[in-house]
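Protein chains in written order, with my numbering: chain A, 1326 to 1438; chain B, 9 to 121.
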Amino acid sequence: NAGVMQNPRHLVRRRGQEARLRCSPMKGHSHVYWYRQLPEEGLKFMVYLQKENIIDESGMPKERFSAEFPKEGPSILRIQQVVRGDSAAYFCASSPDANYGYTFGSGTRLTVV
Amino acid sequence: KQEVTQIPAALSVPEGENLVLNCSFTDSAIYNLQWFRQDPGKGLTSLLLIQSSQREQTSGRLNASLDKSSGRSTLYIAASQPGDSATYLCAVKITGGSEKLVFGKGTKLTVNP
């Protein structure tokens, strides 16, 4: 079991470009979560998804950010028209259901220049 | 609103010392509590998961306790080693339909040889 796979590990984007972050959950895990870690800040919840459904997006900024977890393929966190303040580490986690703890991926470190 | 606080923010100890990391949370209505380890520039590694009905969990040299009524958890590390140097994060899963974790900002531990 390869664990939670995130790619790319590092991503550099110029202001105004789009960033697409991918997450493949552990085999058998149907719950996917995205968290953001800003420099010197704790991890903050962004969105919780199950296959083809967004369950809780209360932590997502209202504009420019979107997430999906299609029937086939990885979960995608998409940031449009990136700004410097989007620079952060974005972590994906998965779990088989609510009774279990999370398994985190290694993260994608986004740098906006 | 659930808030998680970790004290101290940083801790430096000599190798071999036993130590305790503290975590407190403001709302006792939690589903579970999870301790993670984060190495610089890396993802999160789950250490221990305590369900709300449990009082403690043990794994090797690690022991985590949970006192839900007082809103506290401790992570005890026995016979610390330089390889234990990392940031330790405490997170609670809140109840009420959401599956999000609320994280503390962590305790940065340095174990000196």
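Positions of the beta carbon are idealized from the N, C-alpha and C atoms, including for glycine. Small disclaimer: the values here were computed from a predicted structure and weren't measured.
Do residue i and residue j have their C-beta atoms within less than 8 Å of each other?
i          : j          : result
LYS51(B)   : PHE1429(A) : Correcting the residue type first, residue 51(B) is Gly in the shown sequence and not Lys. Result yes, Cβ atoms of GLY51(B) and PHE1429(A) sit closer than 8 Å.
TYR1415(A) : THR1436(A) : no
GLN46(B)   : THR95(B)   : yes
ILE1404(A) : GLU1343(A) : yes
So residue i contacts chain A; which residues on that side make the cut at Cβ distance below 7 Å?
i        : result
ASN71(B) : Per Cβ cutoff of 7 Å: no residues; ASN71(B) is ~17 Å from chain A at best.
GLY51(B) : PHE1416, PHE1429, GLY1430, SER1431, GLY1432
Counting along the chain, where does the beta strand (DSSP E) carrying residue i start and finish?
i          : result
PHE111(B)  : 109-111
LYS1369(A) : 1368-1375
VAL1408(A) : First-last for VAL1408(A): undefined, no H or E at that position.
ARG1345(A) : 1344-1349
MET1385(A) : It is not in any beta strand (DSSP E) - MET1385(A) carries neither H nor E in the DSSP assignment.
CYS33(B)   : Residue identity differs from the one stated: residue 33(B) is Phe in this sequence, not Cys. Looking at the DSSP string, the run of the beta strand (DSSP E) that includes PHE33(B) is 27-33.
Can you name, in chain order, every residue of its own chain whose Cβ lies under 7 Å from the Cβ of residue i, other than the five neighbours on each side?
i          : result
THR197(B)  : Here chain B comprises residues numbered 9 to 121, so residue 197(B) is not present and cannot be evaluated.
GLY1384(A) : LYS1369, PHE1370, MET1371, VAL1372
Whose Cβ in chain B lies nearer than 7 Å to the Cβ of residue i?
i          : result
TYR1373(A) : GLU107, LYS108
Name the chain A residues that come within less than 8 Å of residue i, Cβ to Cβ?
i         : result
ASN40(B)  : GLY1426
GLY114(B) : GLY1367
Using the beta-carbon of each residue, which ones in chain B are nearer than 8 Å to residue i?
i          : result
PHE1370(A) : LYS108, LEU109, VAL110
ALA1413(A) : The premise fails here: ALA1413(A) is roughly 13 Å from chain B at the closest Cβ pair, so nothing lies under 8 Å.
Closer than 8 Å by C-beta to residue i: which residues in its own chain qualify, once you throw out the five before and the five after it? Chain order, please.
i          : result
ASP1422(A) : SER1355, HIS1356
So which residues on chain E does residue i lean against when the C-beta distance must stay under 8 Å?
i          : result
ALA1344(A) : Among the protein chains of the structure shown, namely A and B, there is no chain E.
For residue i, I'd like the list of residues in its chain whose CB is within less than 6 Å of its CB, leaving aside the five on either flank, ordered along the chain.
i          : result
LEU1346(A) : LEU1402, TYR1415, THR1433
Interface residues of the stretch 56-67 of chain B facing chain A [CB-CB below 7 Å]: LEU57
Under 8 Å (Cβ pairs) to chain B, residues found in the stretch 1376-1409 of chain A: ILE1380, ASP1381, SER1383, GLY1384
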